[in-house]
Amino acid sequence: MAQMLTVALPKGRLGDKVYNLLESVGYDCSEIREDGRKLVFENPASGVRYLLVKPSDVTIYVEHGAADVGIVGKDILEESRPDVYELLDLGIGRCRMAVAARSDYREDTSRTLRVATKFENIAKRYYASLNRDIEIIRLNGSIELAPLLGLSDVIVDIVESGTTIRENHLKILTEFMQISARFIANKSSFKFKNQEITGMTGKLNGVIKV
1 MAQMLTVALP KGRLGDKVYN LLESVGYDCS EIREDGRKLV FENPASGVRY
51 LLVKPSDVTI YVEHGAADVG IVGKDILEES RPDVYELLDL GIGRCRMAVA
101 ARSDYREDTS RTLRVATKFE NIAKRYYASL NRDIEIIRLN GSIELAPLLG
151 LSDVIVDIVE SGTTIRENHL KILTEFMQIS ARFIANKSSF KFKNQEITGM
201 TGKLNGVIKV
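So for the sequence shown, the working numbering puts the first residue at 1; every next one is plus one.
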C-alpha cells in the first residue's frame, strides 16, 4: 500500500510556478491557492500532504525528516548545503547569482573587498576561488543600497531580469552561478518511501523543460 508523502513547498514568488508544475503531473494544489492562512494541506487522493514554508526553511524540513521531499532554489541549497538528495533540476524559477557594483566602480585590488550579501557562504566560496580577501557585510534586504551609500564595494545577490540593478544605478560585474528550483529528498525517506518518491520524480521528470 502506498504511503503518504509529505512535501515541503515554498511560499511566495516561486510558489505559483511550483503549484502549476505539480498540478501538471496530477498532484492537486487547488486548496493551497484558495486558502491564505493554512500551512498544512492533506490530499489523500494524490497521496500527498503539503507543508507551506518559507523558501529558506524547505531544506531544514526535508533534512530533519519533517518532510519527505521538497522544492527549493539552488541558491538556498548552495548557501546551506544540507544533507539531502538533490533529485531533479525542475527548470523553473530561473535566475543567476551575480556580483554588482556602482556604475562608476573601479576595483582596488590592494585592499580587502567589502561585500554586502545575504548569501554569505556562496560569496565566501566564490571569492576564495579567486584568492580575493573580502569582508562580508550581511544584509537581509535592500542589498542594492549598500554600494550606493558606501557601506560596501560590491553586492552578491540574485539577478532575474536585472531591472532592479539598473534602476539603482548599479552594474553587473559578473554572473557566476545559474539558479533554478530543485526537487530534493530526505535520505531516510528516500530509502523507506522509495516507490512514492521515485514515482513523483518520474512524473516531474516527464514534464520539466531544463
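By construction, the Cβ of each residue, glycine as well, lies at the ideal position given by its N, Cα and C atoms. Fair warning: this is a prediction, and the values are worked out from it, not measured in the lab.
Tell me whether residue i is buried or exposed, calling it buried when 16 or more other Cβ atoms sit within 10 Å of its Cβ.
| i | result |
| --- | --- |
| V18 | buried |
| N140 | exposed |
| D75 | buried |
| T163 | exposed |
| E167 | exposed |
| F119 | buried |
| V62 | buried |
| F192 | exposed |
| T59 | buried |
| R37 | exposed |
| G202 | exposed |
| L130 | exposed |
From residue i to residue j, what does the alpha carbon distance come to, in whole angstroms?
| i | j | result |
| --- | --- | --- |
| D157 | L148 | 15 Å |
| A128 | R49 | 41 Å |
| F176 | A45 | 42 Å |
| M97 | T117 | 11 Å |
| M200 | S30 | 18 Å |
| L52 | V99 | 31 Å |
| G93 | R106 | 32 Å |
| D28 | F190 | 22 Å |
| K54 | I32 | 14 Å |
| A67 | I197 | 12 Å |
| L151 | I136 | 11 Å |
| V115 | A101 | 10 Å |
| A146 | H64 | 35 Å |
| E34 | K11 | 14 Å |
| E42 | I134 | 47 Å |
| I71 | S56 | 11 Å |
Per DSSP, which residues does residue i bridge with? Please list them.
| i | result |
| --- | --- |
| T117 | R138 and V156 |
| C95 | I179 |
| D89 | R182 |
Can you tell which of the options has its C-alpha closest to the C-alpha of residue i?
| i | options | result |
| --- | --- | --- |
| R132 | T112, G150 and T117 | T112 |
| I122 | R138, T6 and L21 | R138 |
| T109 | A8, I179 and D153 | D153 |
| E144 | R125, I165, K193 and F183 | I165 |
| S180 | K54, I172 and C95 | C95 |
| R182 | L77, E160, M4 and I32 | L77 |
| Y126 | V159, L9 and T174 | T174 |
Rounded to whole angstroms, how far is the Cβ of residue i from the Cβ of residue j, which I believe are closer than 8 Å?
| i | j | result |
| --- | --- | --- |
| G206 | V69 | Between V69 and G206 the Cβ distance is about 16 Å, and since that is not below 8 Å, they are no contact. |
| L170 | S103 | 6 Å |
| N186 | V84 | 6 Å |
| L90 | L204 | 7 Å |
| L21 | G73 | Not a contact, Cβ separation roughly 14 Å. |
Return yes when at least one heavy atom of the ligand ATP lies under 7 Å from the C-beta of residue i, else no.
| i | result |
| --- | --- |
| Y105 | Within the structure as shown, the ligand ATP is missing, as the structure has no ligands at all. |
Examine chain D for any beta-carbon lying closer than 8 Å to the beta-carbon of residue i, and answer yes or no.
| i | result |
| --- | --- |
| L173 | Going by chain labels, chain D is absent from the structure shown, which holds only one protein chain. |
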